[in-house]
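J.: Note that the numbering used here has the sequence shown beginning at 281, numbered continuously upward.
The beta-carbon is built from N, C-alpha and C at its ideal position, and this holds for glycine as well.
Only a predicted model underlies this, so the values are computations on that prediction, with no experimental measurement involved.
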Amino acid sequence: MSRGFSAIELLIAIGIVTLLGALILVSALGFRARRDVSIVAQEIVTTLRRAHARTMAAEGGGQFGVHFEATKYVLFSGAAYDPAAPSNEGKMLPGNLEISLISLAGGGSDIVFAKVSGRTSAAGTIEIRSKSKADEASVVRVDASGLAALVGSAAAPTGTRLVDSRHLHFDLNWSIKPETNLRLVFLDPPNPDVVKDYNTAGFFNADKSAFDFSDTADISGAKQTIRIWTHALSDSAATLSIRRDRMENSKAVKVYFGTTKDIVSYAADGAATAGSFGGTMSAP
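1) Could you check which residue in D423, E407, V419 has the C-alpha nearest to that of L430?
2) At a Cβ threshold of 7 Å, is I522 touching chain C?
3) If you follow the beta strand (DSSP E) that A547 is part of, which residue opens it and which one closes it?
4) Please report the distance separating the alpha-carbon of T460 from that of A518.
5) Start and end of the beta strand (DSSP E) containing R446?
6) At which residue ranges does the stretch 445 to 508 contain complete alpha helix (DSSP H) runs of 4 or more residues, listed in the order of the chain?
7) Please go through the same chain and pick out, in chain order, the residues whose beta-carbon is closer than 6 Å to the beta-carbon of R526, but skip the five residues on each side of it.
8) I need the straight-line Cα distance from A490 to F356, nearest angstrom please.
9) What would DSSP say about E349, mapped onto helix, strand or coil?
10) Could you tell me how far apart the beta carbons of E416 and I379 are, in whole angstroms, since I believe they sit closer than 8 Å?
11) Quick check on R523: does DSSP put it in helix, strand or coil?
12) Under a three-way DSSP split, which group does S318 fall into?
13) A331 and V346 look like a contact to me (Cβ under 8 Å); what is the Cβ gap, rounded to whole Å?
14) Return the chain-ordered list of same chain residues with a C-beta closer than 6 Å to the C-beta of F484, the five sequence neighbours on each side being excluded.
15) Could you name the residues that DSSP lists as bridge partners for D515?
16) Could you tell me which of S318, A394, L377, T400 sits nearest to A385, measuring between CA atoms?
17) Which residues does DSSP pair with E407 in a beta bridge?
18) When DSSP builds the beta bridges, which residues end up paired with A429?
19) Any idea if M372 is buried or exposed, counting beta-carbon neighbours within 10 angstroms, 16 or more meaning buried?
20) My output table needs one value for E323: the three-state DSSP class, helix, strand or coil.
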């Protein structure tokens with residue numbers, strides 16, 4: 281009787297241990313898939329940004345792009361992808377991942393950035409997915425301006441802080457057309473603040489239907505790069521985008537139109553707080 285009971289207990293214990301082991305294994309596989317997808321998605325964003333930056337810098341006098349296939353992506357130079365070009369920088373995906381969707385304007389599989397402007401006619405999305413767990417996926421988006429980011433959005437009213445602030449949108453219920461000055465105030469403790477004023481005339485197009493500003497400022501030997509442009513601009517409203525990548529900036533900065541219309545304040549770590557004139561701030 282005692283032996284039979286002990287045998288039953290042993291079988292139950294073995295069953296519980298087996299079940300727990302299976303649950304732990306499933307959880308571990310899910311974690312690994314999530315981690316791998318996240319790492320590769322961020323690597324693709326970084327590669328797209330490298331191609332964009334090299335184009336904007338006119339490296340080699342040319343332009344750059346990124347080609348995508350199911351199992352790899354390739355950074356290339358030139359206006360079109362040549363699989364035999366010796367300058368190609370290819371990266372294979374881990375065997376457990378795939379690029380499951382390439383959805384670009386024009387239907388191709390290449391994102392090429394234009395000289396001078398850095399824009400692309402192949403805006404769209406790239407989806408990276410786990411082969412074994414299809415629900416573990418991440419999407420990279422490139423907009424027409426050439427900015428690349430992981431998909432994810434959040435709206436934030438005035439005074440709200442956004443930590444992931446590389447690229448922010450500001451929906452303004454007033455127009456920047458009459459503004460003649462753009463001001464950047466860099467905080468440089470223990471040194472005094474550094475104020476940079478820019479005449480906006482050089483950054484509007486001829487009919488003031490668009491605005492596109494970019495500059496790299498030297499603040500105590502540290503380069504700070506910011507781009508500010510419009511997605512929409514009318515006589516009564518504007519939709520602004522501001523790009524301040526933490527890889528290119530280390531100083532806190534405040535952005536104004538005029539000298540008092542505060543759009544946004546960035547902490548040194550990149551956290552952004554919308555100003556009283558910043559309207560509705562969101563991360564695309």
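T.: In short:
1) V419
2) Checking the listed chains, one finds no chain C in this structure; it contains a single protein chain.
3) From DSSP, A547 is part of no beta strand (DSSP E); its letter is neither H nor E.
4) 15 Å
5) Counting along the chain, R446 falls outside any beta strand (DSSP E), and DSSP gives it neither H nor E.
6) none
7) G550
8) 30 Å
9) coil
10) Not a contact, Cβ separation roughly 14 Å.
11) strand
12) If DSSP states are grouped into helix, strand and coil, S318 belongs with the helices.
13) 5 Å
14) F491
15) According to DSSP, D515 bridges with nothing at all.
16) T400
17) L381, V419
18) R421
19) exposed
20) Helix.
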